[in-house]
Each structure stands twice: as C-alpha cells, then as structure tokens.
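With the first letter of the sequence shown counted as 1, position 59 gets the number 68 in the numbering used here; the numbers rise by one all the way through.
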Amino acid sequence: MRKLKNILVTGGAGFIGCNFIHYLFGLSNSGTDLFEDAGFDGRVINVDCLTYAGNLESLKDVEEKFGVSSCGENARYFFEKVDICDRAQIERIFKQYDIDTVIHFAAESHVDRSILGPEAFMKTNVMGTFTLLDVARNYWGISLDNQRDDVLFHHISTDEVYGSLGETGYFLETTSYDPRSPYSSSKASSDHIVMAYYHTYGLPITLSNCTNNYGPFQFPEKLLPLMISNIKDGKNLPVYGKGDNIRDWIYVEDHNRGVWQIVKNSPAGEKWNLGGENEWQNIRLLNEVIDLASKELGKDAEEVRKTITYVKDRPGHDKRYAIDCTKAKTRLGWERKMTFEQGLLATIRWYLSHGEWIANIQSGAYKDWISKNYTEQGR
Ligand code: NAD
Ligand code: DAU
Numbered sequence: 010m011r012k013l014k015n016i017l018v019t020g021g022a023g024f025i026g027c028n029f030i031h032y033l034f035g036l037s038n039s040g041t042d043l044f045e046d047a048g049f050d051g052r053v054i055n056v057d058c059l060t061y062a063g064n065l066e067s068l069k070d071v072e073e074k075f076g077v078s079s080c081g082e083n084a085r086y087f088f089e090k091v092d093i094c095d096r097a098q099i100e101r102i103f104k105q106y107d108i109d110t111v112i113h114f115a116a117e118s119h120v121d122r123s124i125l126g127p128e129a130f131m132k133t134n135v136m137g138t139f140t141l142l143d144v145a146r147n148y149w150g151i152s153l154d155n156q157r158d159d160v161l162f163h164h165i166s167t168d169e170v171y172g173s174l175g176e177t178g179y180f181l182e183t184t185s186y187d188p189r190s191p192y193s194s195s196k197a198s199s200d201h202i203v204m205a206y207y208h209t210y211g212l213p214i215t216l217s218n219c220t221n222n223y224g225p226f227q228f229p230e231k232l233l234p235l236m237i238s239n240i241k242d243g244k245n246l247p248v249y250g251k252g253d254n255i256r257d258w259i260y261v262e263d264h265n266r267g268v269w270q271i272v273k274n275s276p277a278g279e280k281w282n283l284g285g286e287n288e289w290q291n292i293r294l295l296n297e298v299i300d301l302a303s304k305e306l307g308k309d310a311e312e313v314r315k316t317i318t319y320v321k322d323r324p325g326h327d328k329r330y331a332i333d334c335t336k337a338k339t340r341l342g343w344e345r346k347m348t349f350e351q352g353l354l355a356t357i358r359w360y361l362s363h364g365e366w367i368a369n370i371q372s373g374a375y376k377d378w379i380s381k382n383y384t385e386q387g388r
C-alpha cells in the first residue's frame, strides 16, 4: 500500500506543477465544479529552483491556506528553493521530510529555448532526473533483493519523445522513441533512465507521457497564453511556418487527475499515455482563439485577424502529435471532464482577468514579488 503522506513535487512553481498542487489541496482553477477533491490529506514539499519559468505568485493561495507562514506546525505545504541537480540538498530534503512519493514535473520545457541553449535541458532533464532517482533509491534502501510497495517515483513526460506523426496514426505506449529536438531528446533520455532504475534496481516507478496542456498559470511564451495576451495588447500574432502543424490539447486539470490516478492505482513499472484526443492545426486554433477572445474584449475579430504574422518556422518543427490513451481509459478508468469548448473559453477568461499575473512576468516583477513575499523556511 502506498503511503502518499510526504509527497515531493518537483517543479511545483511551474505551469503544470502549480496546477497539480492546487488540485491536491482541492483548489480548482477551472471556474467549474467539474473537478472533485483529490482526497489527499498528506504534505506536499515543493522543490523548485525558480528558473525564469518558476513563479511562486501562482501558489500564494496554497501558501496562505496550508503553508508554514500561516499554519505553523500544522503546515501541509512546504517550499524548498533547491535545484534538483544538487544531490546534497535533495538528500537533505528526503531525510528532513521523510519523503515517500516523488512526482517529478521539474524540467526545462520550452522547445524554442532548447534550440537556442540546449545545455540547461541536458543538465536539468537528464542529470536532474538521474539525481532524484538515485537519491530516492538510496533513501528508500531499494535493491532487487529489497523491494517496496509503499513508495513511488512518478515521472512526468511528454508525447514529444515519440517524434513526429504524418497525417495518420497515433502514439501508443509501445511506440519506439524518435525525439527530434534537444528538449524532446532530453526528456526521452530521462524516460529511459527512469525505466532503467525500475529494471535494474527495482525502484517502483510509473511514467506518463502527455500531450499539450492548456489552462491557467502557463508561462506566456507558450502558444495559447502568448496569443491571448497579444490579442489583448493589440500585438502581432506570430505563426511559425504555414501554421499547419497539429497539436493535441488537454486541459491541465484533466492531465493532473490522470497523474493522481496513476500515482494511486498503477502497478509499478507501468507507462501511461494521457491525451486530449483533441487535435487542432495551429492556425485553426488561433482563429478560434481570436473569435472567442475578441468577443470577450469587445474587439472586431476581423481586425484582430489582420495581426496574424507568418514567421520563420521552428527548426525541425514536429508536424503532428496525437496520442492513443486507450490504456489509461480502460485500465485506470481515467476520463477527461473538460470539453475543449468549455476549457478554451475558461482559459481565455482566466488570462484576460489575470492581467497583473501576466504583466508581472512580462516586466520581470514576479521575481521581486517572490523576494518580497517569500522567506526561506527554517534554513
Ligand atoms: P514549466 O516550464 O512551466 O515549469 C517547470 C518548473 O520546473 C519551473 O517552476 C522551474 O523553475 C522548475 N525547474 C526547472 N529546472 C529546475 C531545476 N534544475 N531544479 C528545480 N526546479 C527546476 O513546465 P510545465 O509546462 O509545467 O511542464 C512540467 C512537466 O510536464 C515537464 O516535465 C514537461 O516536460 C512535462 N510536460 C509538459 C507539457 C505541456 O504542455 N506544458 C506536456 C506534457 C509534458
Ligand atoms: O506536446 C507536449 C509539449 O507541448 C510539451 O512537452 C512542451 O513542454 C510544451 O512546451 C509543448 O510543446 P510545443 O512546442 O507543442 O508548444 P508551444 O506552445 O511552444 O507551441 C505549440 C505549437 O504552436 C507548435 O507547433 C509551435 C507553434 N507556435 C508556438 C509559438 C510559441 C507558433 O506558431 N507560434 C508561437 O509563437
């Protein structure tokens, strides 16, 4: 039986990680009542070194309700500003909080940045994952002769490890890896290392590969938040190449509920595909966003459409991603709750009503917010 009492969440100050922490503590950001309580009563230790993508402002409600600053000894949420490559600090954290579960989101996650500067991707995504796995194995005292079923290491990965599809076909859990960018190759490497720790040492691991997430708190360098804020600000809308690349979009809380179901119920050593079954060509999706956002803002959609600007394509731009998630649906009973129609509108409304959150990122003030509001806990 898994303990699920002291959960180390890495990268909890990023987009998916902060939504996951909200979900665990029953704080949905979907603006709907679709997402039931996770039924979690343990502690979350959020380990994040706060790269440009880490923003503690996204977790201020969690800190206020469950953190040390407000709850003292009864705190259930802890933040540790630590790099996952720092072995000594990771060892300290395992010991200090008696970690029994790792849910590993931390990564360098943006493909364009990986093309400009791949080194950080290799360090964090490959060496950082290795460091966490190795510390977990040692702290939990695991070997092939000493197996445990009360602890778990869950690794969050991406559909991009499978490569690029043509017009037809889907990625299955058994599809061979064929990553094509520095980002996806670093994630593929980390997936292989996770599996190696299962086969070689018997470390209880699970792994999930998900499609493009959308929802609140995403850094505005990614397609949807970038386009929504540019529409609001009347800026150009840069479309790479012909805009005919295809992505499969899933609402972030549906992804996170799938992760939690895996962590609770999956046998060790299993790999799961999670996806939206919701494919959109980039240009079609952008036109949909223009229609919805213009209506919300009282702008003329046809005028906004004139700001679409076709720019130089991303080198090695993967054509199409699409996931077959039959395994998770049939064997875990996982199902998505958010329709794309609902989710896209809710997301657009969230960004339009959180102008300050975006402005703080654009101006860099979110880093000041962190130093002003965050004091390191007991170290
Ligand atoms: P993100 O870039 O928004 O957040 C990453 C977080 O990790 C940030 O808070 C950052 O500060 C932290 N981090 C980076 N390097 C670190 C290090 N060395 N030590 C400690 N913390 C570090 O990323 P995201 O979009 O939330 O993605 C989370 C995970 O999900 C990643 O593993 C990514 O590969 C995977 N994923 C993302 C998507 C998507 O659509 N965004 C889809 C599938 C899988
Ligand atoms: O598929 C899962 C992956 O989805 C995750 O593993 C990555 O961490 C996440 O960043 C995302 O990768 P993408 O490259 O698909 O996401 P991005 O938002 O950068 O781009 C989505 C599509 O839109 C892609 O085809 C490139 C295109 N694009 C992107 C931007 C930022 C544009 O046309 N213009 C843009 O300005």
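We treat Cβ as the ideally placed atom computed from N, Cα and C, and that holds for glycine. Quick caveat, the model's predicted, so the values are computed rather than measured.
Would you kindly work out how many angstroms separate the C-alpha atoms of residue 199 and residue 52, rounded to a whole number? 26 angstroms
Under the rule that 16 or more other beta-carbon atoms within 10 Å means buried, what is residue 21, buried or exposed? buried
Just the C-alpha distance for residue 86 and residue 321, rounded to the nearest angstrom, thanks. 44 angstroms
Buried versus exposed, by CB contacts within 10 Å (16 or more), residue 152: exposed
Those runs of the alpha helix (DSSP H) which lie wholly inside the stretch 130-177 and span at least 4 residues: 138-148
CA-CA distance, residue 276 and residue 34? Going by the C-alpha atoms only, they are around 24 angstroms apart.
Is residue 168 a contact residue of the ligand DAU, with contact defined as CB to any heavy atom under 6 angstroms? yes
Heavy atom of the ligand DAU less than 6 angstroms from the Cβ of residue 220, yes or no? yes
Residue 235 versus residue 329 - alpha carbon distance: 21 angstroms
Between residue 172 and residue 220, is the Cβ-Cβ spacing less than 7 angstroms? no
Taking 7 angstroms as the limit between beta carbons, can you name the residues of its chain near residue 189, skipping five residues before and five after? Excluding sequence neighbours, residue 189 sits near 172, 173, 325, 327.
So if DSSP puts residue 281 in a beta bridge, which residue, or which two residues, is it bridged to? 217
Between the C-alpha atoms of residue 69 and residue 154, what's the straight-line distance to the nearest angstrom? Rounded to the nearest whole angstrom, the CA to CA distance from residue 69 to residue 154 is 44 angstroms.
Taking only three categories from DSSP, how would you classify residue 388? Unreliable positioning characterises residue 388 in this predicted model, as indicated by a pLDDT of 38, which lies under 50. A coordinate reading is not provided.
Runs of alpha helix (DSSP H) wholly within the stretch 12-93 (minimum 4 residues, chain order): 24-33, 69-75, 77-80
Please report the residue range of the beta strand (DSSP E) in which residue 317 lies. 317-320
What I want to know is whether the C-beta of residue 114 ends up closer than 6 angstroms to one or more non-hydrogen atoms of the ligand NAD. The answer is yes for residue 114.
Backbone secondary structure at residue 101 - three-state DSSP: helix
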